[in-house]
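The sequence shown begins at 2 in this note's numbering and counts up one residue at a time. Backbone N, C-alpha and C define an ideal beta-carbon position, used for all residues, glycine too. First comes the structure, then the notes that go with it.
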Amino acid sequence: MNVTVRSTSPVEALVFIPDHGMTSRLFAAQIDALSLERPVTVALPIGGERIEEIATRLLPHLPQRMALIGQGLGGALALELQRRAPDRVSRLGLIATSPFSETPPEAAERETRMIALRARRVAEWLSQEYPPGAIAAPQARSALRSELLAQAEALGPETILAQARALQRRRDLQGNLRRCLAPIAIIAGAADPLCSTRRLNVMETLAPAAKLHLVEGAGHFPTLEAPETMLALFRSLLAQPLVLR
Numbered sequence: 002m003n004v005t006v007r008s009t010s011p012v013e014a015l016v017f018i019p020d021h022g023m024t025s026r027l028f029a030a031q032i033d034a035l036s037l038e039r040p041v042t043v044a045l046p047i048g049g050e051r052i053e054e055i056a057t058r059l060l061p062h063l064p065q066r067m068a069l070i071g072q073g074l075g076g077a078l079a080l081e082l083q084r085r086a087p088d089r090v091s092r093l094g095l096i097a098t099s100p101f102s103e104t105p106p107e108a109a110e111r112e113t114r115m116i117a118l119r120a121r122r123v124a125e126w127l128s129q130e131y132p133p134g135a136i137a138a139p140q141a142r143s144a145l146r147s148e149l150l151a152q153a154e155a156l157g158p159e160t161i162l163a164q165a166r167a168l169q170r171r172r173d174l175q176g177n178l179r180r181c182l183a184p185i186a187i188i189a190g191a192a193d194p195l196c197s198t199r200r201l202n203v204m205e206t207l208a209p210a211a212k213l214h215l216v217e218g219a220g221h222f223p224t225l226e227a228p229e230t231m232l233a234l235f236r237s238l239l240a241q242p243l244v245l246r
């Protein structure tokens with residue numbers, strides 16, 4: 002039996018987890034607004050070359066009760082954290098996140114892109130990882146790519162290389178979705194060429210309390226391309242009652 006409850010405990014903290022090559026600035030607009038309403042922190046997915054290693058490092062330092070919102074690598078890490086501490090994670094927002102392990106061809110393609118990082122050519126890696134079409138509006142591409150490059154350069158090639166290895170080595174996370182009873186918002190830009198709609202639909206089907214949201218007018222970076230829409234989605238997720246079984 003499923004029981005819907007509204008928590009009467011103090012508001013839970015919100016933890017944002019950026020994608021590989023990105024910093025807290027990926028969520029800057031949403032952090033500014035939501036930090037006025039609840040405790041907000043950012044956990045960078047660093048400190049290991051496997052998602053499991055990063056989760057082991059991070060978990061002791063995270064709030065005892067929290068909502069997790071992550072993009073890409075950050076979303077995969079959020080799923081791993083929820084698996085390890087389901088009593089601490091109240092809800093999940095997964096942006097442009099894949100629960101599938103990389104296929105051999107996908108891993109080989111990533112290895113090719115990692116060559117630029119080994120040569121410390123961060124701008125070249127960014128262009129290969131996120132082609133121009135990853136940003137939906139042509140007029141916004143120059144400014145947003147400058148922002149993304151600034152974030153990547155702040156992290157540095159060694160850190161991004163370790164993050165890329167974590168993505169390359171990630172295990173299949175479909176079981177995590179099946180077992181997760183917490184509310185989940187599965188989010189992607191409607192014009193994101195890097196996210197398969199079929200895979201997003203599979204994710205929504207797997208998780209008992211998941212809902213798919215496609216953000217119109219956004220590509221792979223909806224928090225930057227459609228910040229107000231994303232803020233509204235996050236507030237909606239945070240307001241949802243918990244579902245207990």
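Per-residue burial, residue i [other beta carbons within 10 Å of its own, 16 or more giving buried]
i      : result
THR198 : exposed
ARG171 : buried
PRO223 : buried
GLU229 : exposed
MET2   : Note on MET2: pLDDT 37, under 50, position unreliable in the model; no value is reported.
GLN253 : As displayed, the chain neither begins before 2 nor continues past 246, which places residue 253 out of reach and without an answer.
HIS221 : buried
PRO242 : exposed
Beta-bridge pairing of residue i - partner residues as DSSP gives them
i     : result
VAL43 : PHE17
From the options, residue whose alpha carbon lies closest to that of residue i
i      : options                          : result
THR160 : ALA34, PHE28 and GLY49           : GLY49
LEU145 : PRO133, LEU156 and GLY176        : PRO133
ASP88  : PRO64, ARG58 and GLY94           : PRO64
ALA186 : GLU217, LEU150, LEU93 and ALA153 : LEU93
Below-8 angstroms beta-carbon distance, residue i vs any chain B residue
i     : result
ALA56 : Judged by its chain identifiers, the structure shown contains no chain B, having just a single protein chain.
DSSP state of residue i mapped onto helix, strand, coil
i      : result
GLN241 : coil
ILE185 : strand
VAL203 : helix
LEU37  : coil
ALA124 : helix
Run of the alpha helix (DSSP H) containing residue i, from where it starts to where it stops
i      : result
ALA167 : 158–169
LEU118 : 105–119
LEU59  : 52–59
Terminal residues of the beta strand (DSSP E) in which residue i lies
i     : result
SER91 : 90–96
GLN72 : 67–72
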